[in-house]
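Counting from 1, one number per residue, gives the positions in the sequence shown under the numbering used here.
A virtual CB, placed ideally from N, CA and C, is assigned to each residue, including glycine.
In this text the structure is predicted, and so the values were computed from the model without any measurement.
Notes follow the structure.
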Amino acid sequence: MQNYNSKFKINLKDRCYQFSLDTINFINTLPNKRAAWIIADQLLRSAMSIGANLIEGSAASSMDITSRNRTKLADGLAILGGLEQKICKA
């Protein structure tokens, strides 16, 4: 069980890093308009904070880590859902 958890944590950090890179690539495809700049800025900060919070949380207690990760996951999903709706309307 310990080995699985260790691999999962490493994999999760790699996925967070890749998510940040994918977000940057997506942002580069957005139109060069003021509204897109504002959305892109928020999206980039949110995407990159997921990995940063994961690393920061690794120093906290197990219960605290779980709570923070759930909160950040919910925040990330809400942001992506809102962006998806705005992009589909555009």
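Nearest neighbour of residue i, chosen from the options [CA to CA]
i      : options                       : result
Ile79  : Ser67, Asn28, Thr66 and Ile50 : Ile50
Ala52  : Lys72, Thr29 and Pro31        : Lys72
Asn26  : Leu43, Lys13 and Asp75        : Here residue 26 is Phe; the residue named in the question, Asn, does not match the sequence. For the residues Leu43, Lys13 and Asp75, the minimum Cα distance to Phe26 belongs to Leu43.
Arg104 : Lys13, Asp14, Gly81 and Asp75 : Any answer about residue 104 is impossible in this case: the structure gives the chain only from 1 up to 90.
Test item: CB-CB of residue i and residue j under 8 Å
i     : j     : result
Phe19 : Ala36 : no
Integer Cβ distance of residue i from residue j, believed to fall under 8 Å
i     : j     : result
Ala40 : Leu54 : That belief does not hold up - the Cβ atoms of Ala40 and Leu54 are roughly 22 Å apart, past 8 Å.
Close beta carbons around residue i, own chain, < 7 Å, minus the five adjacent residues each side
i     : result
Asn11 : none
Tyr17 : Gly51
Neighbourhood of residue i by C-beta distance below 8 Å, restricted to the same chain and skipping five residues each side
i     : result
Thr23 : Leu43, Leu44, Ala47 and Met48
Ala13 : According to the sequence displayed, residue 13 carries Lys and not Ala. Counting only Cβ-Cβ distances below 8 Å, and skipping sequence neighbours, we find Gly51, Leu54 and Ile55.
Beta carbon proximity, residue i to chain E, threshold 8 Å
i     : result
Asn11 : The structure shown contains no chain E, having only a single protein chain.
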